[in-house]
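There are 2 protein chains.
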Amino acid sequence: MVQFDDINRAYERVRGHIHRTPVLTSRTLNRWVGGELYFKCENFQRGGAFKFRGALNAVLMLSDAEAARGVVTHSSGNHGGALALAARERGIPAHVVLPRDAVGMKRQAVLEYGGFVVPCDPDLGARQATAAQVTEQTGAILVHPYDDARVIAGQGTVGLEVIEQVQGLDMLIAPVGGGGLLSGIAVAVASRAPRVALMGAEPAEADDARRSLLSGERLPSENPRTIADGLRAGLGTLTFPILQRYVGEIITAREDTIVESMRMLWERMKIVVEPSAAVALAALKERPDLARGRRIGVVLTGGNVDLARLPWQHGVEASTGS
Amino acid sequence: MVQFDDINRAYERVRGHIHRTPVLTSRTLNRWVGGELYFKCENFQRGGAFKFRGALNAVLMLSDAEAARGVVTHSSGNHGGALALAARERGIPAHVVLPRDAVGMKRQAVLEYGGFVVPCDPDLGARQATAAQVTEQTGAILVHPYDDARVIAGQGTVGLEVIEQVQGLDMLIAPVGGGGLLSGIAVAVASRAPRVALMGAEPAEADDARRSLLSGERLPSENPRTIADGLRAGLGTLTFPILQRYVGEIITAREDTIVESMRMLWERMKIVVEPSAAVALAALKERPDLARGRRIGVVLTGGNVDLARLPWQHGVEASTGS
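Protein chains in written order, with this note's numbering: chain A, 43 to 364; chain B, 43 to 364.
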């Protein structure tokens, strides 16, 4: 299991490369939810999402011999671009396996950071097989988007920063997809600020983590139909036991609340966040009993979104399927 | 003429009410322009724009007897909402004269902050006449959007903050409409950090301030056709002589560069800015000779924009007329 010391060492490795992202507040959003909210803005992170922390920690932990072989991943989301950026930072190649139907933006990010895009069929089996092929051909090291101790430790540095930046938090909430971010944060916070309650947030339409914690066994994410495309994955073998140990509850948000929360963040806080990043705020909005009167850290995970296609615009709602 | 001490006292008045907005940086935008840019994010200010500083200073300077009569302004832009918010902060009424065809958002902001909207015909004469009527009927005090020493002193607090937040600036650039912001900043910076070069930025399609400084006489803004709706006004009688004294140069940006710069700020910095706020970045982009190798403070003035109607979306370009 990932230990606090892993996160501390990850922070030593990555801190010269990452942004220490600011924490922003808004009276309007405090009133809207009924709590005192501290937004940790990882949408301002390099690469546009917290994913750069974990990817970079993994890349920097490679030996020189390993690094020379490059890295590979399969991800239709922010991890692909983040790994390409991390690899560029070390001057090594990155191969990112992307389904042929992946959003243009995600492909563009990989290419912009100098990564190689490897197309594959859109199912998970094809992605894994293609990644395995790349490894066989190039010797590249696989860096999984979340089920990797190096990645979890890197994401945990978000937790280190936020508890330094905001004193006296009652609660810290982050969205859960594969669980890399929340499990990393959980290890950091449980050690450094054990009185802070840890919560996860999920779309109600992709609530496998909530159901997994309740049932005590890791359930797959089946046919998730949510606009929060970063949260469609199921928990990993490494992340699940960490969440079981440290996370109090996982709360959920409806699709309409997610879009409304995303719009509130854009309109009232003037920041660009992607749908997945709005899920923690949305889940709090649906649980005023949890938020009321509390000081709550809320992780805004990323801001990579197609600006020509926003969910509150006519005709875009139809694209919420997986 | 507004003095440094006026700005200092304005800051004492407003600082408990305003956000000390953060300064953000972006490696991508530094590369894009070729300088070291420090963005002062007044889009994060209360009310969504720097205008709250000046409006609040004006409202807080009223005697109790004056304040009881309320305030009035005519503004189709951010000043209307800002004045309503400032008046609410002091618990007094605000009347905002708005042309019948004003953008729905601007009307909504005034109403949301508890102000009264007074409709009028869309020409400047009708606006002034209607405001005069309101004053006659209610005794409300006129707070002009920029040609008012109290307002200029309030806007100058942006300058105080930015020179505290960023050491060793070579240059500071802000957009110019009526000139309230730039003249306030100029007085602050000339006194506190006289080595910082002061620049203004305007749309090429509304370059009356540039022409006024070059000709030595205050020229009107005639038929401005720019998407930067906050910068269509001409200079005021108070702001013009301050700019003449302190501002080195006013540089301009084409409409396409303004939209491109706005999109870069959204896409790469993940912040919501309105077209007017992107004009300083756009003007620097068109003058790489000025930007290269320099540390430049760039004021992002506001973020109030209709999220359902963005300028890079099909069919929206047609709305750039005044």
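The beta-carbon is built from N, C-alpha and C at its ideal position, and this holds for glycine as well.
Status (buried if at least 16 other CB within 10 Å, exposed otherwise) for residue i
i, result
"A/P317", "buried"
"A/L166", "exposed"
"A/S335", "The question names Ser, but residue 335 of chain A in the sequence shown is Gly. A/G335 is exposed by the Cβ-count criterion."
"A/A173", "buried"
"A/Q209", "exposed"
"A/E328", "buried"
"A/L62", "First, the amino acid is wrong: residue 62 of chain A is Arg here, not Leu. When all chains shown are included, A/R62 counts as exposed."
"A/A322", "buried"
"A/N99", "buried"
"A/E309", "buried"
"B/M306", "buried"
"B/G272", "buried"
"B/A182", "buried"
"B/N85", "buried"
"A/Q45", "exposed"
"A/A333", "buried"
"A/P262", "exposed"
"A/P187", "buried"
"B/A107", "exposed"
Contact under 9 Å by Cβ, residue i with residue j
i, j, result
"A/V160", "A/G123", "no"
"B/P141", "B/R111", "no"
"B/T281", "B/L224", "yes"
"B/V139", "B/A216", "no"
"B/H137", "B/G157", "yes"
"A/V204", "A/E244", "no"
"B/R192", "B/A228", "no"
"A/V238", "A/D212", "yes"
"B/I338", "B/G146", "no"
"A/M241", "A/I194", "no"
Opposing strand residues paired with residue i [DSSP bridges]
i, result
"B/E78", "B/R337"
"A/I183", "A/V113"
"A/F158", "A/H137"
"A/I215", "A/M241, A/V340"
Collapsed DSSP secondary structure at residue i in the structure displayed
i, result
"B/I293", "strand"
"A/I49", "helix"
"B/I313", "strand"
"A/F94", "helix"
"B/A136", "strand"
"A/G196", "helix"
"B/I60", "coil"
"A/V347", "coil"
"B/M241", "strand"
"B/V358", "Because the pLDDT of B/V358 is 48, which lies under 50, any placement of that residue in the model is unreliable, and the number read from its coordinates should be weighed accordingly. B/V358: coil per DSSP, three-state reduction."
"B/V204", "helix"
"B/L104", "coil"
"B/L66", "strand"
"A/R55", "helix"
"A/S364", "Any reading at A/S364 needs caution, since the residue's pLDDT is 35, under 50, leaving its predicted position unreliable; the model's value is listed next. Note: A/S364 maps to coil in three-state DSSP."
Contacts that residue i makes with chain C (C-beta to C-beta distance below 7 Å)
i, result
"A/E247", "This model lacks chain C altogether, as its protein chains are A and B."
CA-to-CA distance, residue j to residue i, given in whole angstroms
i, j, result
"A/H59", "A/V101", "12 Å"
"B/A319", "B/I313", "11 Å"
"B/A251", "B/E259", "10 Å"
"A/G344", "B/A248", "36 Å"
"B/G290", "B/L127", "34 Å"
"A/K93", "B/V65", "23 Å"
"B/K82", "A/K82", "19 Å"
"B/S361", "B/I269", "Its pLDDT being 43, under 50, B/S361 is placed unreliably in this model, and the value from its coordinates should be taken loosely. Cα to Cα, the separation comes out at about 7 Å."
"A/L79", "B/D163", "42 Å"
"A/D189", "A/G220", "8 Å"
"A/G363", "B/R351", "At A/G363, the pLDDT of 38 sits below 50, so the modelled position is not reliable; the number obtained from the coordinates is stated separately. Between A/G363 and B/R351, the C-alpha separation is close to 24 Å."
"A/T199", "A/D47", "11 Å"
"B/E131", "B/G96", "13 Å"
"A/M304", "A/L71", "12 Å"
"A/L349", "A/L326", "26 Å"
"A/L255", "A/I284", "11 Å"
"A/Q87", "B/S68", "10 Å"
"B/A275", "A/V347", "34 Å"
"A/S257", "A/P135", "41 Å"
"B/M43", "B/E302", "37 Å"
Closer than 8 Å: residue i CB and nearest the ligand ATP heavy atom
i, result
"A/P135", "Although the ligand ATP was asked about, the structure shown includes no ligands whatsoever."
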